[in-house]
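Colleague:
Written out as structure tokens, the structure reads:
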């Protein structure tokens, strides 16, 4: 199988990672102004023909690719090609970046000030930057940072400027453009703006893809974009969006460049600036439209401590080696390359697999702080309804246990080993004091804090049970967003643990079936590369056997004496998601006629009702992210069908038999093989 | 046929590969048998001639007396008297070799000086065949040297093995048919006794086409066409010549020149390659822009196959009689039969020839210029574009200048181009040009081409540079032997592609070579360079040269082959062809199916199955 090469089986303990340096240290010891005005002479691509922003636009407008589409569109619409060219020029004008060193210097100055107040440190793996410099010299480079905060792309440019590396051009969503001044500032620091949706607009697509390709091919600047498409509100990696990746791989596939380096960058925040904002968004408080004034309101956050940021520049991935013995490049030989063609199945699946591989590379190099492990423990305790909270000692013990487990699974955990664990725990708790409450040596999530800092302006007193629940949920989802950072470490073992739990026997085949079902069910929820079920199963088995949790022989899977604790933990990792998907199935079973638009509000209402009556254990199933993913999975599996076009546009057609049996299978009431798999 | 043979033109037997300056060929004039047909020459007998292998190297390129070497002073010189460069000192070559390959004169890898006959396996002879062959009187030999000489072409691995004195499977017997009828007899006997025949022309193959298949158990007979080297007639009314297929390029041109004609077909190997070989591989000549490639030049072909003789019944210039059977023959690479006689177009010799050259600021501009020249269909007889590395290489091969004045002038030119015009010496590249025709038209044509070049930043760089460029074509093959004396191995390979892919293929293939060398453990950066050698309406032909210093490698030839393989994969992935004119042989067979589709393969196979069901022509090329 092709993806076998992508996920080679290796011991995560042996994973070698670079050391970090704090880049703020120097900023605290020397003049920011001098730094902002420093001599900036980055290493450039060896094949670069330097050109100005305006020349770049000319190249796009005069390209054969765009020319072809312009002729096509002008014929279709019956307008002159000059008009269409004008239209294209306008699109380009709206889109194009105007990278200016002076603006970057301005940002370098201000961001230095801001970062020093907000963060204790910004840690970078300098070796990664050296590799990046080499990559930039040799080939066109695509930077692929993870996306957890608005901060990400300014931070990226800030780092590259600091280390004298070529400044990137960044694909940004149009929503930023709404902020007048800031939008222009971002444009001048290298952002170019893309409409969120331009479905069938051929001309827009042509301008956009040609613009990106020309900048990339000519080595004008590294091209930066977010594989996940948008900020992850849950801190789980989002399943990758393929459009831009497709575009940037195209010049290699068509032989226009020798190779392209894709550099995954993992940015982890010890405390996310948008923490509570995201939680409320997931709970249905709509996302505030980006506006300049809104950004300034955020000034309040300047007074808080957000800990440190870790940025890890991963190993550059060569598109050429990804494509080797995977893609037959001669498929492009028979059509002139400037004629836009729909990518073949082969290309699509290649791009898709590459995207998953890159997101996994981001995940693997994401630094995890001790707090992430504490979040696991605290959330599990909360769900178990331990009202008194957890004793600090017990919390520490569990955290240390989890620390060792996660390290065995290959987590990139930054746990200061020279400090006693109890101090590590208490300092983590104090950084996140908004989310926890410590009284009499016992710790629990700060759920009772009605109208507290998370929900400003709320009037005390007249609070409904529903509001109370939502307030609680804000804290729980905020906390979950930290736990989620480490989900990728545990997801395969957790799927196996749940499979063992639900399978009717300990026969390996049966457990595999169960694993496969769960994996398939949750592949919109977690980064699970399509088609890699066997590899994932093997990886999970390998980890659990290696850590002494399981013994596996030809036929059977046996749990060891000391394995029970690990398995209990692992099943509880997946439990909230299992329950979430079950309740979504239940909800759908009880519906008659529902449109896609009505889905989220309705399911939310349904869940709130059940939470209030105590029939649901996990408050976090209120997350709209989980609900959307569940629906997407059900559509993918065919249990729900989305009607396209006609009067019933957007209506969801429900296969209740299947939904029912899926619900039962998720709940472990039905064996995997007989029920759902038969339907699939 | 035989009655006619008293009045035919003929070279002195087996010395056909010799250079005219060295040996005159005998012959006296007789009357023309028919008006309009050129007076031809009487015959010299075949016996007591110097065999080819005595004037040709047995383990390297070309004539034994011509080679590059470093003299006692450590200067490079080219020996012999045959070429313009012969006897000259080439001062820049040593430094170029040392800096390009990190080669060192102290580190030598000399070749085995003489062939050790005991290393050659004794021949597997088919006695019945031999007996009947004897009765025909056709000359043959199973002497080890004769057999080894015809067992290879000029692929790197072939020459490398010979230099190390390693001899693989070689033909068991060599036969020298003298005419078409001799070939008919030999093929009949081969069929009767189930003997494997491998036609041999000039031996310049670079596709492993001449290698004996190691799995062949039958007796292998090398059919050397070199004695079939006569121009049978020249028809001035129709401007055609009927020629035996064993004739070698330079002899054909020289003989025709004497009558005021030429074919204009000048492949780089024309000193040694034969007409039959050109037909069998679909050869291409440097001046194809005026004269066409072999498929444009051929009017009629006669080929002997196991099924009998194939030929057309008339010499009409074009026919609509189903698929052209000539196209089964051209490119058949000796798998279907032996081409014995060919009627070719001829042209009056050009009145005037002029070389030229243009310097471009970079390769991209150069390619754009060639494309424009092709678009306007005004390509000179030849137009070639060398990349920067090759430009430097050509520079290193400049012979010692005789006067201070020339060297001063050279310095001035360099100053003008790099300083005054601002060309980057590490990016500029050169196009070499050859114009042919009547004087006025040539000058007019020249102006047109230089005007186009100027639009792409090209500067005229003189006749001399152009002429040297073409001269190098003939000596470059000798240079590989020098490299091999000092741990440097290399070869060239070619492809063709549409115009829009020229730059991409050049860049990607060169980069791929560099990367593969690195990956395969080559210790020093390789030479990886290319040139555009032919232009067409819809595309171009590109030649790659690739060489590296193999010190520190245990199996350099294997590394070389892996890199060349990767380079070919890169070419195909980027939309280049499997071959423009070298052919497929056995070296590139593995890509045939993807190149011409399974149905295409089936078509070719069914032709082979019909024409040669017992695989008498068993060199196993192509399919």
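Chains as they are written, first to last, in my numbering: chain R, 1 to 680; chain Y, 681 to 1303. Virtual Cβ for every residue (Gly too), placed ideally from N, Cα, C. Predicted model, so just to flag it, every value in this text is computed and none were measured.
Residue 913 of chain Y bridges to which residues according to DSSP?
Modeller: Y:922
Colleague: Is there at least one Cβ from chain R nearer than 8 Å to residue 1247 of chain Y's Cβ?
Modeller: no
Colleague: Any heavy atom of the ligand GDP closer than 7 Å to the CB of residue 589 of chain R?
Modeller: No copy of the ligand GDP appears in this structure; indeed no ligand is present at all.
Colleague: So with CB distances below 8 Å, who are the chain R contacts of residue 1258 of chain Y?
Modeller: What residue 1258 of chain Y touches in chain R: nothing, since even the nearest Cβ is about 11 Å away.
Colleague: What do you get for residue 15 of chain R, buried or exposed, if any count of 16 or more other CB atoms within 10 angstroms of its CB means buried?
Modeller: exposed
Colleague: Do we get a CB-CB distance below 8 Å when we pair residue 333 of chain R with the residues of chain Y?
Modeller: yes
Colleague: Rounded C-beta distance between residue 802 of chain Y and residue 849 of chain Y? I'm assuming under 8 Å.
Modeller: The distance from the Cβ of residue 802 of chain Y to that of residue 849 of chain Y is about 12 Å, inconsistent with a contact at the 8 Å cut-off.
Colleague: If you run the structure through DSSP and keep just helix, strand and coil, what is residue 1303 of chain Y?
Modeller: The answer is coil: DSSP assigns residue 1303 of chain Y none of H, G, I, E or B.
Colleague: Please say whether residue 885 of chain Y and residue 834 of chain Y have beta carbons closer to each other than 8 Å?
Modeller: Contact check for residue 834 of chain Y against residue 885 of chain Y passes: the beta carbons are separated by less than 8 Å.
Colleague: Any contact of the segment 663 to 670 of chain R with the segment 574 to 592 of chain R, i.e. 3+ C-beta pairs under 8 Å?
Modeller: yes
Colleague: Provide the residue span of the alpha helix (DSSP H) that contains residue 95 of chain R, from first to last.
Modeller: 81 to 95
Colleague: Can you say whether residue 679 of chain R is buried or exposed, counting buried as having 16 or more other CB atoms within 10 angstroms of its CB?
Modeller: Any reading at residue 679 of chain R must be qualified, since the residue scores a pLDDT of 39, below 50, and its modelled position is unreliable; the value itself is stated next. So residue 679 of chain R counts as exposed.
Colleague: Check this for me: beta carbons of residue 855 of chain Y and residue 810 of chain Y, under 8 Å apart or not?
Modeller: no
Colleague: Assuming the contact rule is C-beta atoms closer than 8 Å, residue 857 of chain Y and residue 830 of chain Y should be a hit. Round their C-beta distance to whole Å, please.
Modeller: With 8 Å as the limit, residue 857 of chain Y and residue 830 of chain Y do not qualify as a contact, their Cβ atoms being about 14 Å apart.
Colleague: From residue 28 of chain R to residue 116 of chain R, what distance separates their C-alpha atoms?
Modeller: 7 Å
Colleague: Could you please tell me which residues of the segment 1206 to 1230 of chain Y, in chain order, have their CB closer than 8 Å to any CB of chain R?
Modeller: none
Colleague: How many angstroms separate the CA atom of residue 933 of chain Y from the CA atom of residue 965 of chain Y?
Modeller: Looking at the two C-alpha atoms, the distance is approximately 13 Å.
Colleague: With a 10 Å radius around its C-beta and 16 neighbouring C-beta atoms as the bar for buried, classify residue 1045 of chain Y as buried or exposed.
Modeller: buried
Colleague: In whole angstroms, give me the CA-to-CA distance for residue 703 of chain Y and residue 859 of chain Y.
Modeller: Confidence at residue 703 of chain Y is low in this model, with a pLDDT of 29, below 50, so the placement of that residue should be treated as unreliable; the coordinate-derived value is given next. If you take the alpha carbons of residue 703 of chain Y and residue 859 of chain Y, they lie about 23 Å apart.
Colleague: What number of angstroms, rounded off, separates the C-alpha of residue 420 of chain R from the C-alpha of residue 427 of chain R?
Modeller: 11 Å
Colleague: Cβ of residue 350 of chain R less than 8 Å from any chain Y Cβ?
Modeller: Not closer than 8 Å to any Cβ of chain Y, the Cβ of residue 350 of chain R fails to qualify, so no.
Colleague: Kindly indicate if chain C contains any beta-carbon less than 8 Å away from that of residue 1137 of chain Y.
Modeller: Considering every chain present, this structure includes no chain C. Its protein chains are R and Y.
Colleague: I want to know whether the segment 1019 to 1032 of chain Y touches the segment 971 to 983 of chain Y - three or more CB-CB distances under 8 Å.
Modeller: yes
Colleague: Kindly give me the distance between the Cβ atoms of residue 74 of chain R and residue 84 of chain R, rounded to whole angstroms, as I take these residues to be in contact under 8 Å.
Modeller: 5 Å
Colleague: Can we say the segment 589 to 609 of chain R touches the segment 506 to 524 of chain R, given the rule of at least three CB pairs closer than 8 Å?
Modeller: Contact fails: fewer than three Cβ-Cβ distances are below 8 Å.
Colleague: Going by the CB atoms, is the gap between residue 1183 of chain Y and residue 1039 of chain Y shorter than 8 Å?
Modeller: no
Colleague: Could you please give the first and the last residue of the uninterrupted alpha helix (DSSP H) stretch that includes residue 566 of chain R?
Modeller: Start and end: 563 to 589.
Colleague: Return the first residue and the last residue of the beta strand (DSSP E) that residue 1170 of chain Y is part of.
Modeller: Taken as a continuous stretch (DSSP letters only), the beta strand (DSSP E) holding residue 1170 of chain Y covers 1168 to 1178.
Colleague: Report the rounded CA-to-CA distance for residue 1094 of chain Y versus residue 1017 of chain Y, giving the unit in angstroms.
Modeller: 54 Å
Colleague: What residue ranges within the segment 292 to 379 of chain R form continuous beta strand (DSSP E) runs of no fewer than 3 residues, ordered along the chain?
Modeller: 308 to 313
Colleague: Starting from the Cα of residue 763 of chain Y, find the closest Cα among Y:1189, Y:1202 and Y:1153 and give me that residue.
Modeller: Closest by alpha carbon: Y:1153.
Colleague: Output yes if chain Y places a C-beta closer than 8 Å to the C-beta of residue 192 of chain R; else output no.
Modeller: Closer than 8 Å: no.
Colleague: Select from the segment 1180 to 1192 of chain Y all residues with a C-beta closer than 8 Å to any C-beta belonging to chain R, and list them in chain order.
Modeller: 1180, 1181, 1184, 1185, 1187, 1188, 1191 and 1192
Colleague: Report yes or no: do three or more beta-carbon pairs, one from the segment 136 to 156 of chain R and one from the segment 40 to 52 of chain R, lie closer than 8 Å?
Modeller: yes
Colleague: Determine, using beta carbons only, whether residue 255 of chain R comes closer than 8 Å to chain Y.
Modeller: yes
Colleague: Can you give me the C-alpha to C-alpha distance between residue 1005 of chain Y and residue 1282 of chain Y, rounded to a whole angstrom?
Modeller: Just so you know, the alpha carbons of residue 1005 of chain Y and residue 1282 of chain Y end up roughly 17 Å apart.
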